[in-house]
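Report on the following structure.
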Amino acid sequence: MCAMLSPIFTLDCDGAISYLVTINDVPVLLDCGWNGDPASLERYDPIIPSLRVVLISHPYIEFVGALPYISKHKDFKAQIYVTFPVHKMSQMVMYDSYLSCVQQIFSIDDINNTWKKITTLMHSQKVHMKGEGLIFTPIRAGNCIGGAAWRIMHNMQDIIHLPLFNPHVEKHVPGLDFDSLQSPAVLIMDSYHSNSIQNDPELLCTKVIEALTRGGSVLIPVDPAGSTLEFMLLFEELWEKNESELGMYNLIMLGHVSSSTVEFAKTCLEWMNEEVLSKFEGVRDNPFSFKFLKTIHTLEELPPGPALIMATPCNLQSGFSRQLLFQLAGNPLNLLLLVNKPSGLAQEILFNTVPNQVIELDEPELDWNENEFDINNSEEASTETAETMSIIEEGDIPETFGPKLFDKKNFKCFSVCEFKHFCDEYGESMADEEIALWQHENTEKKTSSLTALSLKSYEQTITFRLIEEDRRRKNSKLITRHLTTTLNCAVSYLLCDFRASGTSLRLTLSRLRPKKLVLLNTNETSANSLSIYCQTFLGMSDISVAKEPVQLIPTMSILPIKIPEEFYNSLKFLPVDGYEVALIKGKVGMENEQLQYNMVEGEKQRFGYFLGKVQLGKIKGLLTEKGYNTEFREGKLVINDKVWIFTNKESGEIKEYVIEGVISRDYFDIRRLLYSEHLYI
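The following block contains the structure:
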């Protein structure tokens, strides 16, 4: 097996993810991202005719944006694989991108025709490429619903593509599936946050509450799908817990396809974590049946007053988030809260904004400022005296003087919890059992209302809106307006994109222990810090950065052998650590540049092998549970002072156990227990 990795984009392309891996002359495209620059799409032109497979991992423009471009190419014949939620969510992302931008490289028909060609998979579902011996498997990545890490296997060598992941369990998404990614030959991993720390979501909530209570609105630019669902659940829970304080403020998700994204999320419960599933199975509580969050599609639907508004896209380059920025930027009470990797206009605002500074005044300025201060104080004092005298003249003379004497007293206000009287259609009171039955029936109707027919109607509604938008644009012209605004609102950057932080990256590497590591989406500082950690603490030396073509696996001495079909069908395969193993003996010869297997007859029967990874510590625990007295002496496991078990030699990963002791019932029972912990072939 020989494998090469070639980046399609360089690090200066605003995070577009796309890599070409060639395995035994079979080109496979890992993700198909786009950075919004039409000229950058030409990078795909040389590889389109030769592509065999395209693997999409996440529903973001950075991962799937160029797919319509390469799909409509006349020489494109590759198979496209993606998980079901990513298929739906990425289509919503492309629709939102189309409706947000005026200049388009591809049309609605290009998007729809491309998504009809996609093959959807479940997590851990294997796809075999006939004639090439390649196996593609999507593994749960933990960043969003359906997000996948792709495992490519050939000749017992596996390559893991992990461009975006999250090892932690969030409100609706389970974490990274470590059990399916143990000890890969090559790990291609994202390292953007290798020196970053993810902020606690509670800090976001605190910032939002502070901005709302002082009378301002909060704008959070987000993606149309993906991790945005986690923000929806986060703020819905915040509003639910603080209804008395936040109930007067609006919680808005503003996007062209926001309602459709939420409706599709309701149908993907089997892709979510155990907590969500248990709630739904118990009380039929769908987490995406929101009480406070409202999804809107136009700026005209935006209610007046302070509100938390999540708007698309996250880079502020176009769409609703950019329009809202110009509306909210002039008010110092408002807050622009950036939670994703800054790019586009968001990056310019974050890193090019001149911060406020406090400097000392010059001597002329200081004298003028002191004079103004004295004048203002004297004017305020005279005004206050005049107001006090007028109040005294109007009413009776009280015992205490001053304008605050006649101010109205303020009392604490509490929200009113209205009691709901349960009654039937005739107005008669209902018993507790009847109320419970009525609530259960209503919940059943509400949760079962989203059928395949309703989903189809949502898709038809989206398609109709897209067609109308396309017709409107054909009958319109493009004009350019240059808007200038003063950025008076507060700007805060709190990294909380539910990706692996620097600590999580290091813990993941220590758990996976790959033989070769390739770092993606990184700079020199991040790559050096992560490389030093791997070399110092993990003993890894084969570390590369995907800035240029990288050799993943050199040409190996492992060659395929042609075995007669009848003989192959007669073999007895046994599962060993995720593989199927069978033992055969024969002679290998070369025929027409193909290795041939020839059976050998008359050979003596050879003994079998015990396969497994059982440590002496585990054996000690098993024997202790059986009632044996066990202890370690000089590296040997001693049982009842009669039997000794120790390791005689070790060659690579092959261990040879030795059992010595007095011939007795204990000896044979202990040997039988040791055999039972291994697989015999």
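Each residue of the sequence shown is one higher than the one before, starting from 1 at the first, in full-length UniProt numbering. Idealized CB from N, CA, C, for every residue including glycine.
Proximity of residue i and residue j at Cβ, strictly below 8 Å
i	j	result
N334	C489	yes
L552	L5	yes
H172	P59	no
F320	A329	no
L67	L51	no
Y81	F165	no
residue 711	S57	With the chain covering only 1 through 681, there is no way to say anything about residue 711.
S40	F9	yes
W271	G142	no
Sequence-distant residues of its chain with Cβ nearer than 6 Å to residue i (five each side left out)
i	result
residue 706	This structure cannot settle anything about residue 706, because the visible part of the chain is limited to 1 through 681.
I659	I645 and R671
G33	A16, I17, S18, E62, F63 and G65
G133	H154
Y533	R506
K294	I252
residue 719	This structure cannot speak to residue 719, because the chain is shown only from 1 to 681.
C314	P221, V222, D223 and N340
S544	V518 and V550
Close beta carbons around residue i, own chain, < 8 Å, minus the five adjacent residues each side
i	result
I48	I70, H73, D75 and F76
D542	K515, K516 and L517
L494	N199, L203, L204, K207, L337, L338 and V339
P554	C2
K642	G661, V662, S664, D666 and Y667
T213	E245
Y657	I645, F646, T647, N648 and L674
R511	F178
K266	N286, F288, S289 and L450
M232	M253, V262, F288, F290, L293 and M310
For residue j and residue i, the rounded distance between their alpha carbons
i	j	result
L234	M253	13 Å
E236	F498	17 Å
R151	I139	7 Å
P564	L571	11 Å
F632	V662	18 Å
S124	L574	20 Å
D190	V26	24 Å
L623	L238	52 Å
A78	Q104	24 Å
K562	I23	20 Å
N331	L325	11 Å
L181	T486	50 Å
I108	V218	33 Å
D223	A346	13 Å
V638	F280	52 Å
M540	M156	21 Å
Y162	M248	Residue identity differs from the one stated: residue 162 is Leu in this sequence, not Tyr. If you take the alpha carbons of L162 and M248, they lie about 43 Å apart.
V550	S289	47 Å
E240	T508	34 Å
I309	M94	21 Å
D96	N35	15 Å
L117	V54	The question names Leu, but residue 117 is Lys in the sequence shown. Roughly 11 Å between the two C-alpha positions.
I619	S90	50 Å
E263	F292	16 Å
Per DSSP, the bridge partner or partners of residue i
i	result
T508	According to DSSP, which records beta bridges pairwise, T508 is partnered with nothing at all.
M540	For M540, which the question treats as bridged, DSSP gives no partner whatsoever.
A582	Beta-bridge pairing links A582 to no other residue.
R140	A148
M4	T22 and Q551
Q79	V53
M189	L162 and L519
F646	V658
Residue range of the beta strand (DSSP E) that includes residue i
i	result
K241	Taken as a continuous stretch (DSSP letters only), K241 belongs to no beta strand (DSSP E), being part of the alpha helix (DSSP H) at T228 to K241.
L337	L335 to L338
D158	Q157 to L162
V283	Counting along the chain, V283 falls outside any beta strand (DSSP E), though it belongs to the alpha helix (DSSP H) covering E274 to V283.
V127	V127 to M129
Y493	A490 to Y493
I670	Run containing I670: none in the beta strand (DSSP E); it sits in the alpha helix (DSSP H), R665 to S676.
Endpoints, alpha helix (DSSP H) assigned at residue i
i	result
N528	E524 to F537
V262	S258 to K266
N113	I108 to K116
K72	Here K72 belongs to no alpha helix (DSSP H), and DSSP marks it neither H nor E.
A311	Taken as a continuous stretch (DSSP letters only), A311 belongs to no alpha helix (DSSP H), being part of the beta strand (DSSP E) at A307 to A311.
Contacting residues, own chain, Cβ-Cβ under 7 Å from residue i (five flanking each side not counted)
i	result
G502	H193, S194, N195, S196 and I197
N640	Y628, N629 and D666
Contact test: residue i Cβ vs the ligand ZN heavy atom, cutoff 7 Å
i	result
S541	As presented, the structure is devoid of all ligands, the ligand ZN included, so that no description of it is given.
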